[in-house]
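A short write-up of the structure that comes next.
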Amino acid sequence: MLPPPHPDPLPQAGEGEISPAAPKSGASAGLTAKEAPPAERGGAPEASLAREAGQRRQPMIVLFTDFGLAGPYTGQVKTVLHLAAPAVPVIDLFADAPSRNPRAAAYLLAAYAEWFPPRTVFLAVIDPGVGGARAPLIAAADDRWFVGPENGLFEIVMRRAVRTPRLWDITWRPALLSASFHGRDLFAPVAARLALGETPPGKLRDPAGLERNDWPDDLAEIVYVDHYGNAMTGLRAGTIPAAARLRAGGREVPPARTFSAVPPGAAFWYENSTGLAEIAVNGGRADAALGLAIGSAVEILA
């Protein structure tokens, strides 16, 4: 085990990063007071508390995968993490992220990552190319670590970062590395080492050439359907005019503040607690009522 560096091992200003400055236009990582949504419309107070708590506590590892909870995969990954870093909390965020879909998952990850405190380590595995030519990566963005495959999964996190992000190729390899389960054999041990304060086990690389320039800043598609049938889009609600309607599933959907603001059975869109535009039906399932699934197109109507 390597000796832990500075208590906050993430790159600091003067080490290849710029000092925190005014956020990029529309960036979710740092809204101005004018842009910030009112407390009653989103999760801003809770996010602030989480970040403040994170500065006082040890790092945590957050799982963001498409492994599912029904089989052995999530349990095997958590076993590796427990053996390598038994005192580090492991948080199950998503085990049902968009399956085999790094593009949709990238917008979901970026929206939720902002909520977590500094020094959080995201073990993010949506990896349809496992065992192939794609590289294993570590990204550092706005005082958080991200470990996973080089397939665009970290594109939006890095694009929205307030401070210049950094990227490493993971050069370390375990003694036993399966061809089909890098989440367990490679990414989990690396995530544990970062959470313990070790130096990234890899080589710094230039992100040039990895950018997905054809991916928009906000994705006008459904990127996740939750347990209730609510359909999250890849659109940050703050980028949509407050009175705009959305077209999805062949229907126009008006805005509303929350479920109780519309009659039972009515479809609407609202800003969810993570800041994304979400389509819902009061007392029903939007996915069934509008025929929505991950990848369904969404249009903003003036």
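In case it helps, our numbering puts the sequence shown at residues 490 to 791. From the three backbone atoms N, C-alpha and C, an ideal C-beta is built for every residue, glycine too. A quick note: this is a predicted structure, and the numbers were derived from the prediction, not measured.
query: Assign Glu450 to one of three DSSP states: helix, strand, or coil.; result: Nothing about residue 450 can be reported from this structure: the residues present for the chain run from 490 to 791 only.
query: Is it right to say Glu603 is buried, meaning 16 or more other beta carbons lie within 10 angstroms of its own, or is it exposed?; result: buried
query: Three-state secondary structure (DSSP) at Ile659?; result: strand
query: Assuming Ala573 contacts Pro678 under a Cβ cut-off of 8 Å, what Cβ separation, rounded to an integer in Å, is found between them?; result: 6 Å
query: What does the alpha-carbon distance come out to for the pair Leu626 and Ala750?; result: 44 Å
query: Can you find the residues in the same chain that come closer than 8 Å, C-beta to C-beta, to Gly557, ignoring five residues on each side of it along the sequence?; result: Thr563, Ala584, Asp585
query: Considering Ile627, what are the terminal residues of the beta strand (DSSP E) in which it resides?; result: 625-630
query: Mapping DSSP to helix, strand and coil, what is Arg673?; result: helix
query: So, under 8 Å CB-CB, Arg701 and Gly641 are touching, yes? Tell me the CB distance rounded to an integer number of Å.; result: 5 Å
query: Nearest by alpha-carbon distance to Arg694: which of Glu639, Met721, Val646, Ala737 is it?; result: Glu639
query: Which full runs of the alpha helix (DSSP H) of 4+ residues lie inside the region 550-629, going along the chain?; result: 562-573, 591-602
query: Quick check: what's the CA-CA separation for Ile783 versus Leu790?; result: 20 Å
query: Please determine if the region 678-688 and the region 606-614 are in contact, where contact requires at least 3 C-beta pairs separated by less than 8 Å.; result: yes
query: What is the residue span of the alpha helix (DSSP H) that Leu779 lies within?; result: 775-779
query: For Trp661, which option in Arg655, Arg649, Pro548, Leu675 has the closest C-alpha, if you only look at C-alpha atoms?; result: Leu675
query: For Ala745, which residues from the same chain have a beta carbon less than 7 Å from its beta carbon, with the 5 sequence-adjacent residues on both sides left out?; result: Val751, Phe757, Tyr759
query: To the nearest angstrom, how far is the alpha carbon of Thr554 from that of Arg589?; result: 10 Å
query: Suppose contacts are defined by Cβ-Cβ distances below 8 Å. Is Glu710 in contact with Gly723 by that definition?; result: yes
query: Take Ala455 and list the residues in its own chain whose beta-carbon comes closer than 7 Å to its own, dropping the five residues that flank it on each side.; result: The requested residue 455 is not part of the displayed model; the chain covers only 490 to 791.
query: Taking all protein chains shown into account, decide if Gly780 is buried (16 or more other Cβ within 10 angstroms of its Cβ) or exposed.; result: exposed
query: Short of 6 Å in beta carbon distance, which residues of its chain neighbour Val579, apart from the five on each side in sequence? Order them along the chain.; result: Ile550, Lys567, Leu570
query: Sort His716, Val742, Val787, Asp707 by Cα distance to Ala595 and report the nearest one.; result: Asp707
query: Per DSSP, what kind of secondary structure is Glu700 in: helix, strand or coil?; result: coil
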